[in-house]
Structures are given as C-alpha cells and as structure tokens.
Amino acid sequence: MKKFLLATVSIVALSSVVRAADLPAAMPTKERMYVPAPVATWDGAYIGVQGGVVRRETSFFEFSPFGNFSFDDRKTGGIAGALLGYNWQHGGFVYGLEGDWSWTGTKADHNPSDFIGSFDTKWLATIRGRAGLALDSTLLYLTGGAAFGRVDNAAPFTVSFGGTFLSGFFQNQTKTGWTVGAGVEHMFGPHWTARAEFRYVDLGKTSVNCTELAPASCQTGYRGEFSNKLMLGLVGLAYKF
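The numbering of the sequence shown is this note's numbering, which starts it at -10 and goes up by one.
Here is the structure:
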C-alpha cells in the first residue's frame, strides 16, 4: 500500500514538472523609449511683415556771403512694410542677413507764418546683418547695415507775395546711409516668430545749389544743405520655413 501511494505521488510530481517545462518563457518587458523635448532652432529662411512708429528729423542749412540760416523739422508718423531674411545658428549664437522695405508717413508742409517748405521721407529700405544670443525660444540681437530712403525736401530762397516759390533749394532723390539697432524676437511655434525692435537711420547730408523757378531769382554764393535722420520703433511677425 505504501509503495502504491509513493508511486502515485511521484507520477503526479513528474507530470507537473513536464507541464511546466512545456510552458512558453515569459516575454521580457520593454522599457519606454526616452524622447527628448524638441529644441527651438533659428536656422533657415523667413519672411514677414512689420510696422510701428517713425520719427523723421530733417535739418536745412542755408549758407550765404551775408550769413547763414538754419531750420529743423520733425515729424512723427507711421511705418509699415515687409521683411525677408536667413539665419544660421551655432549653439546659442545666431547670425544672419535681413532686408526690408517700408512705407513711411512723415510728410510735413509749412506755410508762410512758419517756414515755407516741405519735408518728407517717402520710403525706407535696409540690408542688414543680425547677430545675437538665443535663449531657447527667445533671441536677443543687434543689427546694422546699409539704408536707402527716398527724400523729397524743399526750402525757399525767394517767394512771391502769393507764397509760391520763385527759387529755392530742393532735394528729390534716393539717399544711401546707414542704420543700427537692437531687438528681441520670440519663437511661439515651429514656424512663427514675433519681434520688437528699435532702429536708428542716418541718410547723411546733401549739399544743393539754388534752383531758379523764375528768371534771375537765385544769387551767386548761396548754397543749401539737407540732413535726414529717422528713428524707428517696430514690431513684426515672421514665418520661418
């Protein structure tokens, strides 16, 4: 009897071992892959729009054998335009090239009770370098380069009783100068950035001779000089490709 029970227990134990050996091995548990957070990059081309406030400062000097005369004109107006550029990035250092064109509303006309004349910078364009420090999605930068502007200035030499020019000094040309500024730009999406910028523009000085609008209305030895400067406060929105 004892031998029978011992044999039965042995058979049952052996069967359990065989069934356990036939079970498939447990599959190893995979660890979740680590996906790093995307890092903002400033590399690439972009296009955008800009606008804001412009302050034009024009100075006129008249030189004559009998003394000199000067007049300063200032006008604050609006500015709006488009921009195009390309950035390169090495670590936190970002540099690039940018060009823009803007219409400016800075015309001022003066009547005989003040100073007969008119002063205006119709449009402004720049080609600039940019360089700055990227703090992840925010860029602090400096900018500077060449500036081009269409200036239309007029100052009288002799005027009729009706207030019309008989002769005067005129500057109607596209001037070349320089610009420098600073700004901050923030990337609020993979392709979109917003910026705020201050810029100073100097279109230089131009010497002009007296122009006769009536016979013998200019006198020998008289010369005029115009100086044109602008200060820009800009905000902009750009799409990065």
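By construction, the Cβ of each residue, glycine as well, lies at the ideal position given by its N, Cα and C atoms. Everything numeric in this text was worked out from a predicted model, so none of it was measured.
{"query": "Three-state secondary structure assigned by DSSP to V24", "result": "Any reading at V24 needs caution, since the residue's pLDDT is 48, under 50, leaving its predicted position unreliable; the model's value is listed next. Coil, per DSSP."}
{"query": "heavy atom of the ligand FAD below 7 Å from N217 C-beta", "result": "This structure does not include the ligand FAD; it has no bound ligands of any sort."}
{"query": "Given 8 Å, three or more beta-carbon pairs between the stretch 153 to 160 and the stretch 128 to 145", "result": "yes"}
{"query": "Rounded separation between A34 and R119 - CA only", "result": "13 Å"}
{"query": "Q208 - DSSP class collapsed to helix/strand/coil", "result": "coil"}
{"query": "Strand pairing of D191, partner residues [DSSP]", "result": "W167, K218"}
{"query": "For W112, three-class secondary structure by DSSP", "result": "strand"}
{"query": "Through-space distance from W77 to D61, alpha-carbon basis", "result": "42 Å"}
{"query": "Touching by the beta-carbon criterion (3+ pairs, under 8 Å), the stretch 130 to 144 and the stretch 107 to 119", "result": "yes"}
{"query": "At least 3 beta-carbon pairs within less than 8 Å: the stretch 168 to 178 vs the stretch 207 to 214", "result": "no"}
{"query": "Beta-carbon proximity list for K218, same chain, < 6 Å, skipping 5 on both sides", "result": "E46, D191"}
{"query": "Cβ-based neighbour list, A123, same chain, cut-off 7 Å, excluding 5 preceding and 5 following", "result": "W31, Q78, G81, V83"}
{"query": "C-beta contact flag for G66 and V43 at 8 Å", "result": "yes"}
{"query": "Residue span of the beta strand (DSSP E) that contains D62, given as start and end", "result": "56 to 79"}
{"query": "Of the residues K164, L202, F58, G70, the one placed nearest V224, counting alpha carbons only", "result": "G70"}
{"query": "Cβ neighbours of S48 in the same chain (closer than 6 Å, five flanking residues each side left out)", "result": "D61, S216"}
{"query": "For E201 and G222, the rounded distance between their alpha carbons", "result": "39 Å"}
{"query": "Residue from S126, M220, T209, L226 with nearest C-alpha to P54", "result": "T209"}
{"query": "Limits of the unbroken beta strand (DSSP E) element including L128", "result": "127 to 148"}
{"query": "L129, buried or exposed, once every other Cβ within 10 Å from all chains shown has been counted against 16", "result": "exposed"}
{"query": "Residue closest to P204, alpha-carbon to alpha-carbon, out of F154, W92, N100, L86", "result": "F154"}
{"query": "Under the three-state DSSP convention, the category A10 falls into", "result": "Low confidence applies to A10: its pLDDT is 47, below 50, so where it sits in the model is not reliable, and the reading given next is rough at best. Looking at A10 - three-state DSSP - the assignment turns out to be helix."}
{"query": "Environment of F230 [buried if 16+ CB atoms lie within 10 Å]", "result": "exposed"}
{"query": "Cβ pair L243, I36 closer than 8 Å", "result": "Nothing about residue 243 can be read from this structure; the chain reaches only from -10 to 230."}
{"query": "Given E186 as reference, the closest of L131, G166, S196 once Cα atoms are compared", "result": "L131"}
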